[in-house]
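Reading through the structure tokens given below for one structure.
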Amino acid sequence: MIELKNVNVAYGNIKALHDINLIARPGEITAVLGANGAGKSSLLKAIAGAAQSASGSITINGEDLTRMPTHLRARKGVSLAMEGRRLFRGLSVEENLSIAWSFGPRRTPFAQALEQVYQSFPILKERRHGKSGMLSGGQQQMLIVSSVTIREPQYMLLDEPSLGLAPIIVQQIFGFITHYSNSRQTTVILAEQMAAMALQIADQGYVLRHGRVVMQGTADELKKADVVSQLSAAYL
Ligand SMILES: Nc1ncnc2c1ncn2[C@@H]1O[C@H](COP(=O)(O)OP(=O)(O)OP(=O)(O)O)[C@@H](O)[C@H]1O
Ligand SMILES: [Mg+2]
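So for the sequence shown, the working numbering puts the first residue at 6; every next one is plus one.
Here is the structure:
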């Protein structure tokens with residue numbers, strides 16, 4: 006379980022998060038929803054240790070992470086896929102997966118871990134020797150999500166995996182995330198602007214606006230509260 010209590014994040018004078026309280030449970034997908042600049046990435050970075058949380062506390066299974074450096078959080082099983090499709094674009098699919106695997110606990114031998122990835126995304130097997138920079142957007146996102154799961158995380162933080170992708174590809178990737186989380190009881194936090202798609206797979210969600218939680222509830226409650234059209238309206 007990940008628990009945030011009164012977490013504040015600031016970049017100099019700019020306050021990105023104000024008094025965030027959040028709980029994310031094992032085997033569940035927690036959606037963090039909000040428009041541009043709402044604070045979604047800041048929240049994920051605060052958990053991964055890539056942003057300084059000015060105050061408040063972040064715990065996993067009761068252990069305080071607030072002042073723990075990023076690499077130690079990774080060792081505790083926290084894995085963040087940052088927004089913007091960050092890959093080693095000049096390296097092949099398999100080289101990217103090898104690097105990602107080498108940063109994990111390596112409980113599963115590489116060949117076997119690779120086979121699991123290729124079973125989930127056969128297209129990555131077909132393209133395994135090709136440069137990742139030459140993949141389509143959807144294939145790159147499959148590689149990014151696989152680069153997280155190959156590290157066998159307990160806590161998986163995904164920043165806008167749907168961005169710029171066709172709905173059918175998003176459904177494929179989201180289907181994989183759901184299956185992965187259910188079968189391994191992984192705690193997943195999914196940051197998304199696309200509330201409709203995220204709430205299809207999320208168990209619960211939080212809506213951020215200007216760095217504050219303005220709504221929270223189960224996915225059904227948020228759908229009933231019409232979060233989807235409210236967020237869509239915010240983009241117009
Ligand atoms: N490195 C930074 N330096 C200064 N301000 C920042 C930095 N990163 C984010 N911010 C500011 O913090 C606020 C929250 O940004 P954040 O990136 O967390 O939002 P977001 O919900 O992820 O947005 P997006 O949907 O565009 O990814 C914004 O006002 C943003 O301008
Ligand atoms: Mg963001």
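All residues carry an ideal CB built from backbone N, CA and C; glycine is no exception.
Neighbourhood of aspartate 242 by C-beta, 8 Å cutoff - its chain only, sequence neighbours within 5 removed
The structure shown does not extend to residue 242, since the chain is modelled only from 6 through 241, so no value can be given for it.
Rounded distance between the beta-carbons of serine 46 and aspartate 164, thought under 8 Å
6 Å
Since threonine 75 contacts alanine 55 with CB under 8 Å, what's their CB separation in whole angstroms?
Confirmed, Cβ separation roughly 6 Å.
Three-state class that DSSP yields for leucine 241 in the structure shown
Bear in mind that the predicted position of leucine 241 carries a pLDDT of just 46, short of 50, making it unreliable; the figure below should be weighed with that in mind. The answer is coil: DSSP assigns leucine 241 none of H, G, I, E or B.
Is lysine 229 near ligand 2, with its Cβ less than 7 Å from a heavy atom?
no
Verify the contact flag: glutamate 226, CB atom, against every heavy atom of ligand 3, threshold strictly below 7 Å.
Judged by which ligands are present, ligand 3 is missing from the structure shown, whose ligands are ligand 1 and ligand 2.
Find the nearest neighbour of leucine 213 within the set Gln205, Leu77 and Val233, judged by alpha-carbon distance.
Val233
Start and end residues, beta strand (DSSP E) containing asparagine 26:
19 to 29
Quick one: grab the DSSP three-state call for glutamate 197.
strand
State yes or no: is the C-beta of isoleucine 174 within less than 8 Å of the C-beta of glycine 222?
Result no, Cβ atoms of isoleucine 174 and glycine 222 do not sit closer than 8 Å.
Beta-bridge partners of methionine 161, as assigned by DSSP
Ser84 and Val193
Contact set for glutamine 159: own chain, Cβ-Cβ below 6 Å, skip 5 residues either direction:
Gly82, listed in sequence order.
For arginine 214, list the residues DSSP reports as bridge partners.
Arg217
Check whether chain D comes within 8 Å of lysine 45, counting only Cβ atoms and requiring the distance to be less than that.
In the structure shown, chain D cannot be found, because there is only a single protein chain.
What residues come near ligand 1, if near means a beta carbon less than 6 Å from any of its heavy atoms?
Tyr16, Ile19, Ala21, Gly39, Asn41, Gly42, Ala43, Gly44, Lys45, Ser46, Ser47, Glu88 and Gln198
With a threshold of 7 Å (Cβ to nearest heavy atom), would glutamate 165 be considered close to ligand 2?
yes
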